[in-house]
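Q: For the sequence shown, the numbering used here assigns the number 95 to the initial residue and increments by one for each residue that follows.
Glycine is no exception: its CB is placed at the ideal position from the N, C-alpha and C atoms.
Because the structure is a prediction, the values reported are computed rather than measured.
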Amino acid sequence: KRMVYSCEADREYAEEPGFLGFAEQTKISSLNLVQEQRFFYHFDYGENWYFEISVARIGPALETPAPKVLRRNKNMPAQY
95 KRMVYSCEAD
105 REYAEEPGFL
115 GFAEQTKISS
125 LNLVQEQRFF
135 YHFDYGENWY
145 FEISVARIGP
155 ALETPAPKVL
165 RRNKNMPAQY
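Have a look at this one:
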């Protein structure tokens with residue numbers, strides 16, 4: 095099953111197959127993900143950057159969340 099999340103500004107793409115919600119309105123905890131599950135994040139529809147995200151582990155929430163990139167497969171997009 096393909097799971098896709100995107101930015102609110104990209105409403106016109108909400109009809110994309112597998113679309114389940116806007117990133118700004120979706121809490122990761124609401125996705126009912128399991129370890130090793132993958133999902134896609136579609137960023138910047140003009141450039142069509144798709145990020146495949148894999149759940150490394152699930153544990154209790156940290157007091158001070160600190161997101162961390164575990165691995166990169168390609169060059170990152172240039173920011174605006």
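Alpha carbon to alpha carbon, how far is I152 from E141?
A: Counting from one through the sequence shown, the residue named residue 152 turns up at place 58. Counting from one through the sequence shown, the residue named residue 141 turns up at place 47. Rounded to the nearest angstrom, the two C-alpha atoms are 31 Å apart.
Q: Taking A155 as the reference, give the member of A117, I122 and G115 with the closest Cα.
A: As a position in the sequence shown, residue 155 is number 61, starting the count at 1. Cα-wise, what sits closest to A155 is I122.
Q: Strictly by DSSP, which residues pair up with R165?
A: Within the sequence shown, residue 165 is the residue found at index 71, counting from 1. According to DSSP, R165 bridges with nothing at all.
Q: Can you look up I152 in the DSSP assignment and give me helix, strand or coil?
A: Here the question's residue 152 lines up with position 58 in the sequence shown. Looking at I152 - three-state DSSP - the assignment turns out to be coil, as it is neither helix nor strand.
Q: Report the option in L164, V149, H136 and Y135 whose CA atom is closest to the CA atom of Q129.
A: In the sequence shown, the residue the question calls residue 129 occupies position 35. Measuring from the Cα of Q129, the nearest candidate turns out to be V149.
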